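A quick write-up on the structure given underneath.
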Amino acid sequence: MKRSAQMHFSGRTTGLGAGVGENNEDTTEEGLRKANNAERDLHRMFARNHLSLPIPIKTLGHTLSNGQKVSIEYVDPSDWLYTLLLKYPRLLAGGFSSITDQLAGFWGLYRQSHPGHEVFRFHNGHLGQVLPIMFFGDEGRGPRRAGYMAATIESCLGLSEVSPKSKCDCQKYLSKFPEHWIPNCDGPTAEVTDQMWCASRVATNYSGNSYLTRFLLFGIPGYLYDKTPSVVQRHLEKVSNNLVELFHQGVLVQGIRYYAALVASKGDMKFQAFVVAQLTRSYANLGQSRALAACSICLAGKEEFPMEDCGHEPKWAESMFVERPWAADNPPAFNDVPFDPMCPESLYKVDCFHAWKVGMGRDVAGSGLVFLCDLGVWDLPEESRAIDARLSRAHREFTLWASAEGKSPALRSFTKSYLNCATRAESAWSNSKGSDTMLICQFLKWRIYILLSNLDDSMAGYTADLELLQQVITHALLMFEISYQHPLWMSKPCGQRLYCHIMIVVRGYKKLAASFVQRGVSGFRLKPKLHCMHHLAYDLKCALQSGSSHVLNWLCFACEMNEDHIGHTARLSRKLATKTLSLRLMQRLFLKTRALSRRHFQARRKKGHPC
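So the mapping is simple: the working numbering equals the position in the sequence shown, first residue as 1, plus 60.
This is the structure in structure tokens:
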């Protein structure tokens, strides 16, 4: 069957190409019609041979600000979930046990830390038929040198399962932390059922191909929504209405009715604040001359709630969820989707990727490089000591280190422009990708270790700062390392260890910033993402103290894989004709997902895993 399908594909393509080929030119009206419709015919052939996904693509009409009428294709979440549940349910719950057990176990664990979700009021008797899904949206670089806004949904459960034989040393590691740092979990612990144990072994959705875990709902070119923002809002309302139907009515698949419950909306601060939630209180309105509340979750930023409070019991925790961060007459589109009426703003998650890898980590990387340059770490006799020359020598050593470690950084040089420090009065931060941020931090950790091992008298006064910077980087790398090694749900000792690592990073960074202020040197500037990191730690602490047997791995809400998917989608949009952009992009994504899913399940069968 596969061979005949390939032969059919080859013959049909050749036939279509002959009408416009160089040696067999056909300038008749029929020949031009065939040439113009070649892509349409090809996609029809893919559908007939079951090489694509049988998901209906719908159209939504818009009237732009200039009066022009356009139509944009989109896919409803219910259509995605129906097709995946019918044909590829393991893309939504990739563990080895039944999908019903995995879903029931997930909600059993989720109830321990978030009992206020509406799913427990409406679906308490059949949680094994409710899919936990998340929404993500972001903007990439699209056609006509404009942006490209895309939105996806995804399941919380990953594509695989962690072996029950795998063990961690988190319990032993806790002895290295001060006892008063470790969150108190001495109260009664919730009982773990067999279903919850099955769900606790499922991996995060942070691994695997992003085409298999992220499912595109719509993509809109920037030249359509730049002057008409209502275009994006109408699509968000469509998604919201469909999610409400999925929650209450569900979809019927082979005699079983499945539902879906929204547990998170993900994205960067700009998307969350200005597009999906339209927040009136966010980091975008951080007060310059007045103390203003600048966090969507709490009132941090006001004088009585300092944003830089990094204590284990911060003052700003008292103000969490007391005021809605949006106007009463302009609520977010997702307010209609059942979530938690007591704290609806907690739907819009802070994630570790934006908080560290393209947040605090950039400041550590940039300010750390400039700090070592000022100490003369890369100085050579009779060579310039200007910052440009020092950064050039630093990059040469970084390149050699990366080659020795088998790494492939995307950055090409260290310059003042790259580190955003045109003058020494500016606090340096690296304009790096998330992966490059981690590589620079690893390089700095290695370089500081060598420096401290052979410290001369000229740098003796900076020993404390160097050791503190090394600690911040070391614990930042460890907090990601243990997250990658653990499944979707982490046991209490693992959550306690992760909390301690995050707090060392947060408090150590603040101490570094204070030290540089005392020296009168720019570097390690305090920014709102320090507060984001503390929120991640505080949420983890609250979950641990609630009596939960397991806590949710913070990679569940991380956006790195989403950014990868948006990058692929935006890159594809630049290669398609703008007239049929949305339709052709959806069709090509269906082809890619179908092909990758076939390979994925073939690999599972070889390993003896259920498909």
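In this text, a Cβ means the ideal position worked out from N, Cα and C, and glycines have one as well.
All values derive from a computational prediction rather than experimental measurement.
Check	Outcome
Looking at C-alpha atoms only, which residue of Gln-605, Ile-510 and Pro-137 is the closest neighbour of Val-304?	Pro-137
Does DSSP put Arg-204 in a helix, in a strand, or in coil?	helix
Throw me the rounded Cβ distance for the Gln-556 and Cys-228 pair, which I believe falls under 8 Å.	The Cβ separation is near 12 Å, so there is no contact.
Mapping DSSP to helix, strand and coil, what is Ser-131?	strand
For a minimum of 4 consecutive residues, which ranges assigned as the alpha helix (DSSP H) are wholly contained in the segment 395-434?	421-434
Would you tell me roughly how many angstroms separate the C-alpha atoms of Leu-526 and Leu-429, rounded to the nearest one?	12 Å
Please return the same chain residues whose Cβ sits closer than 6 Å to the Cβ of Thr-123, not counting the five positions on each side in sequence.	Lys-129
Count the other CB atoms within 10 Å of the CB of Asp-517; is the residue buried (16 or more) or exposed (fewer)?	exposed
First and last residue of the beta strand (DSSP E) that includes Arg-317?	316-326
Considering only residues of the same chain and omitting the five flanking positions on each side of Lys-62, which have a CB-CB separation below 8 Å?	Its pLDDT being 40, under 50, Lys-62 is placed unreliably in this model, and the coordinates cannot settle the point.
Which runs of the beta strand (DSSP E) fall wholly inside the segment 497-561 and span at least 3 residues, in chain order?	549-551
Distance, Cα to Cα, Ser-356 vs Ala-206?	29 Å
Measuring straight from C-alpha to C-alpha, what distance separates Gly-155 and Leu-169?	16 Å
For the alpha helix (DSSP H) that His-455 lies in, which residues bound it at each end?	447-465
Buried or exposed for Cys-671, please, with buried defined as at least 16 other CB atoms from any protein chain shown within 10 angstroms of its CB.	exposed
So the candidates are Arg-384, Asn-97 and Ala-360; which of them puts its Cα closest to the Cα of Pro-374?	Ala-360
Please classify Gly-466 as buried or exposed, where buried requires at least 16 other C-beta atoms within 10 Å of its C-beta.	exposed
Name the two residues that bound the continuous alpha helix (DSSP H) containing His-628.	620-633
Do Met-380 and Cys-358 come within 7 Å of each other at the CB atom, strictly closer than that value?	yes
Buried or exposed for Thr-523, going by 16 or more other Cβ atoms inside 10 Å?	exposed
In the DSSP assignment, find the unbroken beta strand (DSSP E) run with Ile-280 in it and report its ends.	275-281
Taking C-beta to C-beta, are Ile-280 and Ile-132 nearer than 7 Å?	yes
To the nearest angstrom, how far is it from the Cα of Val-222 to the Cα of Cys-258?	10 Å
Taking Gly-121 as part of the beta strand (DSSP E), name the residues at either end of that continuous run.	118-123
Can you tell which of Cys-481, Asn-390 and Lys-409 has the C-alpha that lies nearest to the C-alpha of Leu-615?	Lys-409
With a CB to CB cut of under 6 Å and the five nearest residues on each side skipped, what residues in its chain are close to Gly-668?	none
Just to confirm before moving on: does the CB-CB distance between Ala-211 and Gly-197 stay below 7 Å?	yes
In whole angstroms, what separates the C-alpha of His-561 from that of Ala-482?	33 Å
Alpha carbon to alpha carbon, how far is Arg-579 from Leu-163?	55 Å
Nearest-angstrom Cα distance between Phe-661 and Ser-112?	16 Å
Using a Cβ-Cβ cut-off of 8 Å (strictly less than) and excluding sequence neighbours within five positions of Ala-485, which residues of its own chain qualify?	Ser-582
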